[in-house]
Amino acid sequence: MLRGFHHAAISTPDLERSVRFYRELFGCTVLREFGWPAGIPAADTLTGLRNSAARAVMLKLGDSHLEIFEFSSPTPKPGDPDRPACDHGITHICLEVRDSQAEYVRLKAAGMRFHAPPQAQDGGFVTYGRDPDGNIVELLEFGPRDG
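For the sequence shown, the numbering used here assigns the number 1 to the initial residue and increments by one for each residue that follows.
1) Would you call the stretch 59-78 and the stretch 108-115 touching, i.e. three or more CB-CB distances under 8 Å?
2) Classify ARG17 as helix, strand or coil using the three-state DSSP reduction.
3) Cα-Cα, which of PRO144, ASP44, SER73 is closest to PRO148?
4) How long is the line joining the alpha carbons of GLY147 and GLU24, rounded to whole angstroms?
5) Since SER100 is in the alpha helix (DSSP H), which residue starts that stretch and which ends it?
6) Secondary structure at GLY147, three-state DSSP: helix, strand or coil?
7) Closest to ILE136 by C-alpha separation, out of THR127, GLY4, PHE34, ASP122, would be which residue?
8) Should LEU139 and VAL97 be called a contact, given that it needs their Cβ atoms to be closer than 7 Å?
9) As a quick exercise: from VAL57, GLN119, TRP36, LYS60, pick the residue whose alpha carbon is nearest that of ASN51.
10) Give the DSSP-derived three-state secondary structure of LEU139 in the structure shown.
11) If you measure between the beta carbons of ARG83 and GLY129, is that distance less than 7 Å?
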């Protein structure tokens, strides 16, 4: 029986930079660090890659998790830091916030790129920004809730 989503995962060319971004700007904590050297058949079978090698970190924020991988083998194709949200694949990760305007100001001052300031939506506010690799990070502030 399915119990729910556990985590999303992203790949980065710079693990330390990405972990620092999510820890310092969003308050994520490191649950565990792991990885594997090239030549581990089970890792290749699982990932569908040949001669794979990677380092990874599992982060936690509230009840949510984000896994970040840095593959050293095979050589990854570079990502597009301006990849359109409409392209196939994972389009974004979303973080629920209490004050989207304050978070927007704080994160923008820290160097995070945004498409636009928070926009009113369904009684709340939403905006899209980008992490250092260009992955879209949505900030979502819900409006007042009944009950």
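All C-beta atoms in this analysis are idealised placements derived from N, C-alpha and C, irrespective of residue type, glycine included.
Here's the rundown:
1) no
2) helix
3) Absent from the structure is residue 148, since the part of the chain shown begins at 1 and ends at 147.
4) Any reading at GLY147 needs caution, since the residue's pLDDT is 40, under 50, leaving its predicted position unreliable; the model's value is listed next. Their backbone Cα atoms lie some 33 Å apart in a straight line.
5) 100-109
6) Only weak support exists for where GLY147 lies, its pLDDT of 40 falling under 50; the value from the coordinates is given anyway. Residue state, collapsed to three classes: coil.
7) THR127
8) yes
9) TRP36
10) strand
11) no
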